[in-house]
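Asks: Got a structure for you, questions after.
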Amino acid sequence: MSQQPSGWYDDPSQPDMLRYWDGVSWTNHTAPKKSPTASQST
Numbered sequence: 239m240s241q242q243p244s245g246w247y248d249d250p251s252q253p254d255m256l257r258y259w260d261g262v263s264w265t266n267h268t269a270p271k272k273s274p275t276a277s278q279s280t
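So my numbering is basically just the index in the sequence shown, starting at one, shifted up by 238.
Structural data, given as structure tokens:
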């Protein structure tokens, strides 16, 4: 089984948040997901 690299991933318990995986286990660090910004053309 391959190990997932550390990084920010969708938080399964909070759909609008990200949670940090340190490569071994989930941390308590969370951050809000940023919605994609639409580029405005003029």
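Glycine is no exception: its CB is placed at the ideal position from the N, C-alpha and C atoms.
Spatial neighbours of Asp260 within its chain, please: C-beta separation below 6 Å, excluding the five flanking residues on both sides.
Replies: Counting only Cβ-Cβ distances below 6 Å, and skipping sequence neighbours, we find Ser244.
Asks: Pick helix, strand or coil for Asp248, following the three-state DSSP scheme.
Replies: Strand, per DSSP.
Asks: Counting only the same chain and skipping the five closest in sequence on each side, list residues whose C-beta sits under 8 Å from that of Leu281.
Replies: Because the chain here runs from 239 to 280, residue 281 falls outside it and cannot be looked at.
Asks: Distance, Cα to Cα, Trp264 vs Gln242?
Replies: If you take the alpha carbons of Trp264 and Gln242, they lie about 11 Å apart.
Asks: What are the boundary residues of the beta strand (DSSP E) that includes Pro243?
Replies: Element bounds for Pro243: n/a, residue is neither H nor E.
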